[in-house]
Structures are given as structure tokens and as C-alpha cells.
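Trainee: Going down the list, the sequences are from chains A and B. Residue 119 in full-length UniProt numbering sits at position 119 of the first sequence, with consecutive numbering throughout. Residue 101 in full-length UniProt numbering sits at position 101 of the second sequence, with consecutive numbering throughout. C-beta: ideal position from N, C-alpha, C; glycine also. Please read these numbers as outputs of a predicted model, since none were measured by experiment.
There are 2 protein chains.
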Amino acid sequence: MDSTDDLAMPFLLMSAFRGLVDAVHAELEAAGYPDVRAAHGFAMQAIGRGCTGVELAERLGVSKQAAAKTAHALERMGLISRVQSPRDRRERLLAPTARGEDMLRRSAAAFGRQIKDWRTRVGDDHVSATLTTLAHATPGRRGPTDLSDWV
Amino acid sequence: MDSTDDLAMPFLLMSAFRGLVDAVHAELEAAGYPDVRAAHGFAMQAIGRGCTGVELAERLGVSKQAAAKTAHALERMGLISRVQSPRDRRERLLAPTARGEDMLRRSAAAFGRQIKDWRTRVGDDHVSATLTTLAHATPGRRGPTDLSDWV
DNA sequence: CAGAGGTAGACAACTAGGTTGACCATATAT
DNA sequence: ATATATGGTCAACCTAGTTGTCTACCTCTG
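(1) Name the one or two DSSP bridge partners that B/Q84 has.
(2) Buried or exposed for A/R37, please, with buried defined as at least 16 other CB atoms from any protein chain shown within 10 angstroms of its CB.
(3) Assuming contact is defined by CB atoms lying nearer than 9 Å, are A/R106 and A/A46 in contact in what I supplied?
(4) Just reading off the alpha helix (DSSP H) that A/G123 is part of, what are its end residues?
(5) Could you check whether the Cβ of B/V151 sits closer than 9 Å to any Cβ belonging to chain A?
(6) So what's B/T97 in DSSP terms, helix, strand or just coil?
(7) How many Å lie between B/S148 and B/V127 at the Cα?
(8) Name the chain B residues whose beta carbon is nearer than 8 Å to that of A/T132?
(9) Indicate the three-state DSSP secondary structure (helix, strand or coil) for A/T133 in the structure shown.
(10) Secondary structure at B/T70, three-state DSSP: helix, strand or coil?
(11) Decide if B/S63 is buried, meaning its Cβ has at least 16 other Cβ atoms within 10 Å, or exposed.
(12) In whole angstroms, what separates the C-alpha of B/L12 from that of B/A108?
(13) If we define contact as Cβ-Cβ less than 9 Å, is A/R18 a contact residue for chain B?
(14) Could you confirm whether any beta carbon from chain B is found closer than 9 Å to the beta carbon of residue 207 of chain A?
(15) Determine which residues share a DSSP beta bridge with B/T138 and list them.
(16) Assuming B/Q84 and B/R92 form a contact by the criterion Cβ under 8 Å, report the distance between their Cβ atoms to the nearest whole angstrom.
(17) Might you give, ordered along the chain, the residues of its own chain that have their beta carbon closer than 8 Å to the beta carbon of A/W150, omitting 5 neighbours on each side?
(18) Along chain A, which residues have their Cβ under 9 Å away from the Cβ of B/D102?
(19) Classify B/H40 as buried or exposed, calling it buried when 16 or more other Cβ atoms lie within 10 Å of its own Cβ.
(20) Taking three-plus beta-carbon pairs below 8 Å as touching, is the region 111-125 of chain A in contact with the region 115-124 of chain B?
(21) Going by the CB atoms, is the gap between A/A98 and A/T70 shorter than 9 Å?
(22) Does DSSP put B/S148 in a helix, a strand or coil?
(23) How big is the Cα-Cα spacing for B/Q65 and B/G78?
(24) Please go through the region 11-52 of chain B and give each complete alpha helix (DSSP H) segment of 4 or more residues, from N-terminal end onward.
(25) According to DSSP, simplified to helix, strand and coil, what is A/G61?
(26) For A/T120 and B/A135, what's the separation of their Cα atoms in angstroms?
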């Protein structure tokens with residue numbers, strides 16, 4: 001239809017994403033997690049209940065070296081543990097600590113509150129339409145932030 | 001309503017954004033603009049018909065040093081010119097070259113085609129709802145990718 | 001009109017998050 | 001037993017940003 005507005009889509013996507021993430025990180029900072037960045041949150045979500053470094057790299061769609069850096073940062077922040085695997089001595093098993101799980105819970109709650117705000121602002125139907133639109137927008141896409149395996 | 005899906009929103013936003021941008025950049029690369037990155041496209045949009053470095057920094061929501069770096073990169077790629085202002089000799093006026101305007105046209109066309117894909121895939125109503133949702137999602141937000149001044 | 005303070009831009013050093021390439025240690029298959 | 005594949009690490013580099021400092025220039029005020 002009115003395809004002139006379409007050009008704003010990338011900006012709106014970016015802006016909405018940043019607004020969402022910034023709001024959540026402000027809440028996390030207030031809750032005692034000052035150094036958590038967006039990449040850390042994504043990585044924690046990707047680790048889920050536990051995985052290896054290579055799996056993390058695949059889930060995030062980055063190189064294993066990049067995943068290792070992030071994992072080390074998360075370990076330094078006390079959010080995950082990295083313990084040697086019993087069945088394969090090359091592997092280090094990444095798993096959230098109690099503090100990491102608390103951070104994930106708070107993060108999820110904060111995201112939920114943000115989207116709830118959206119729902120009251122534009123209505124449930126619009127938010128639902130947005131979810132389905134975005135879900136169908138990038139079919140078969142694999143790579144960064146693809147969580148089809150782990151949600 | 002079903003707030004469990006809400007947690008996927010940041011991932012969907014990110015994924016949709018990356019899918020969109022990647023597709024457009026693939027087209028641009030094929031059209032003879034191989035080195036254009038997402039930041040360059042945003043900056044070109046922000047420059048519009050012309051502005052100074054400080055204005056660019058404000059429009060992008062970054063430091064003026066970062067904006068200057070980007071502007072130099074755009075100049076090296078032949079997409080903008082940086083000429084001294086006649087009325088203020090401190091200023092350098094940034095303005096797209098013919099090549100830069102061609103790039104912007106191709107970029108806009110590519111974005112339009114991508115969103116048209118979305119429309120045929122999920123329907124005009126869903127895409128429109130997405131646009132209005134995202135537009136209302138971050139009210140009064142200023143900073144990166146805020147284009148209220150220059151669209 | 002002289003000088004104070006504000007502004008545009010450049011330069012340098014740093015950070016975060018990513019990349020590739022080379023490498024070692026360990027598993028696994030032949 | 002040996003060849004090959006895999007998990008992880010280290011090192012060097014890239015991009016896009018940051019803060020701090022500096023100079024050149026404009027503008028406002030006494």
C-alpha cells in the first residue's frame with residue numbers, strides 16, 4: 001500500500017530493539033547487575049540450561065573464539081560456571097550459576113513488563129500482529145539470534 | 001494475553017533487522033557498492049541532503065568523533081563530499097555525491113522490495129500493524145536511529 | 001574593538017565485540 | 001596404531017564506538 005513508510009521499517013526495528021534492551025538493562029543495573037551488556041543477555045539465553053562453547057557459538061551464530069570470549073566474560077561476572085566435562089576432557093560445560101539464573105529471571109520479567117507496556121499502548125492485536133510479522137519476516141534464516149533450537 | 005511469546009520479541013526484532021539489512025547489502029554489493037556497511041547506510045540517510053559533522057552526530061546519536069570517522073569513510077568511498085563552509089570556516093559541509101545519491105536510491109528500492117515481500121507473506125494489515133506498534137513502542141526516544149528530524 | 005567563552009572539527013588512546021589463522025589436546029574411526 | 005576430526009586457546013587484527021585534549025574559529029559582551 002503506502003510503501004513510503006516502509007523505508008522507516010529498519011529504523012523502527014532498530015529503535016524499538018534499542019529501547020527495549022536499554023530499558024531492561026536499566027532495570028538490571030538497578031537490581032545489582034551493572035556490567036551486563038546486550039551480548040551477555042543474548043549469550044545467557046543461548047546457554048540456557050547448559051551447553052559447550054562450540055554449541056554456544058552455533059546458537060549465537062558467531063565464531064567459537066568470539067563465543068569463548070563472551071563465556072569468559074560471563075564467568076568473570078559470576079553468571080556461569082565453566083567446568084570440565086567428565087565424558088570428554090576437551091569440553092568445558094557452560095552452565096548458569098544461581099546468580100546467573102536470577103539475572104535471567106529478572107531479565108525475562110523486565111522484558112515482559114516492557115512488552116506489556118506496548119500492549120496497553122497499542123493493543124494486544126497490534127502486538128500479536130507484530131510478533132507474527134517478524135516471525136515470518138526472515139524464514140529459514142540461521143545465524144545470530146536465531147533461537148529456533150533453544151526456546 | 002500470551003505473554004510467554006513476548007520474550008521472543010527482542011530476538012525477533014534483531015533477527016528481522018539483520019535479515020532486512022543483510023538482504024539490502026547483498027543487493028548493494030551486487031550493484032557495485034561492496035564496502036557499504038549498515039552504519040554507512042544509516043549515516044547516508046542521516047546526512048540526507050546535507051549537514052555538518054556535529055549535526056550528523058546528533059542525528060545518529062553518537063559522539064562527534066564517531067560521526068567524523070564515519071564521514072571520512074563515506075568520503076573515501078566517494079559517497080559524500082566534505083567541503084569547507086563559506087559562512088563558517090570551522091565547518092565542513094557533508095553532502096552526498098551523485099554516486100552517493102545513486103546508492104541511496106538503490107538502497108531505498110531494495111528496502112522497499114524486502115518490505116513488499118513481507119506484505120505478500122503476512123498481509124498488508126499485519127505489516128501496517130507492525131509499523132504502528134514499533135512507532136509507538138519507543139515514545140519520546142532520542143538517540144541512535146531517531147529520524148524524526150530528517151524523514 | 002579586545003578579549004572571554006563557546007563551538008566545529010582533528011588527533012590520540014582506549015574499549016567491546018567480532019574476525020581469521022595457527023596451534024594443542026583429546027576423541028574417534030580405520 | 002595411526003590418521004583425522006573436534007573442542008578450546010592464543011595471537012593479531014578489524015570495526016564502530018568511547019573519552020580526553022587540542023586548535024581554529026565564531027560570537028557575545030564590556
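Mentor: Concretely, from the data shown:
(1) Translated into positions along the second sequence, residue 84 of chain B becomes position 84. According to DSSP, B/Q84 bridges with B/R92.
(2) Within the first sequence, the letter at position 37 stands for residue 37 of chain A. A/R37 should be labelled exposed.
(3) Along the first sequence, read from residue 1 onward, the residue named residue 106 of chain A stands at position 106. Along the first sequence, read from residue 1 onward, the residue named residue 46 of chain A stands at position 46. No; because the gap between Cβ atoms is not below 9 Å, this pair is not in contact.
(4) Position 123 of the first sequence, counted from the first residue, corresponds to residue 123 of chain A. Counting along the chain, A/G123 falls outside any alpha helix (DSSP H), and DSSP gives it neither H nor E.
(5) Translated into positions along the second sequence, residue 151 of chain B becomes position 151. Note that B/V151 has pLDDT 38, beneath the 50 cutoff, so the model's placement of it is unreliable and no number is given.
(6) Counting from one through the second sequence, the residue named residue 97 of chain B turns up at place 97. Coil at B/T97, not helix or strand.
(7) On the second sequence, residue 148 of chain B is found 148 positions in, with the first residue counted as 1. On the second sequence, residue 127 of chain B is found 127 positions in, with the first residue counted as 1. With a pLDDT of 44 at B/S148, under the threshold of 50, the predicted position of this residue should be treated as unreliable, though the coordinate-derived value follows. Each residue's alpha carbon lies about 20 Å from the other.
(8) Stepping through the first sequence from its first residue, residue 132 of chain A is reached at position 132. Near A/T132 (Cβ distances below 8 Å), the residues of chain B are V122, H126.
(9) Numbered from its first residue, the first sequence carries residue 133 of chain A at position 133. Helix.
(10) The residue you call residue 70 of chain B lines up with position 70 of the second sequence. It is helical.
(11) The count along the second sequence starts at 1 and reaches residue 63 of chain B at position 63. Exposed is the call here.
(12) Your numbering for residue 12 of chain B matches position 12 in the second sequence. Your numbering for residue 108 of chain B matches position 108 in the second sequence. Spanning the two alpha carbons is a distance of roughly 22 Å.
(13) Residue 18 of chain A sits at position 18 when you count from the first residue of the first sequence. Yes - at least one Cβ of chain B is within 9 Å of the one on A/R18.
(14) As shown, chain A starts at 1 and ends at 151. That puts residue 207 of chain A outside it, with no answer to give.
(15) Position 138 of the second sequence, counting from 1, holds the residue named residue 138 of chain B. DSSP, once it has assigned bridges, lists no residue as partnering B/T138.
(16) If you number the second sequence from 1, residue 84 of chain B lands on position 84. If you number the second sequence from 1, residue 92 of chain B lands on position 92. Indeed they touch by this definition, with Cβ atoms about 6 Å apart.
(17) Against the first sequence, residue 150 of chain A aligns to sequence position 150. Bear in mind that a pLDDT of 45 at A/W150, under 50, signals an unreliable position, so the model cannot answer this.
(18) For the purposes of this step, residue 102 of chain B is taken as residue 102 along the second sequence, with counting starting at 1. Simply none; closest approach about 16 Å.
(19) The residue given as residue 40 of chain B occupies position 40 in the second sequence. B/H40 should be labelled buried.
(20) no
(21) Position 70 of the first sequence, counted from the start, is the residue given in the question as residue 70 of chain A. Position 98 of the first sequence, counted from the start, is the residue given in the question as residue 98 of chain A. Cβ distance not < 9 Å, so A/T70 and A/A98 don't count as in contact.
(22) In the second sequence, the residue the question calls residue 148 of chain B occupies position 148. Bear in mind that a pLDDT of 44 at B/S148, under 50, signals an unreliable position, so the number given afterwards is only what the model happens to contain. The answer is coil: DSSP assigns B/S148 none of H, G, I, E or B.
(23) In the second sequence, residue 65 of chain B corresponds to position 65, counting from 1. In the second sequence, residue 78 of chain B corresponds to position 78, counting from 1. If you take the alpha carbons of B/Q65 and B/G78, they lie about 20 Å apart.
(24) 38-47
(25) Position 61 of the first sequence, counting from 1, holds the residue named residue 61 of chain A. The answer is coil: DSSP assigns A/G61 none of H, G, I, E or B.
(26) Along the first sequence, read from residue 1 onward, the residue named residue 120 of chain A stands at position 120. Along the second sequence, read from residue 1 onward, the residue named residue 135 of chain B stands at position 135. If I take the Cα positions, the gap works out to 14 Å.
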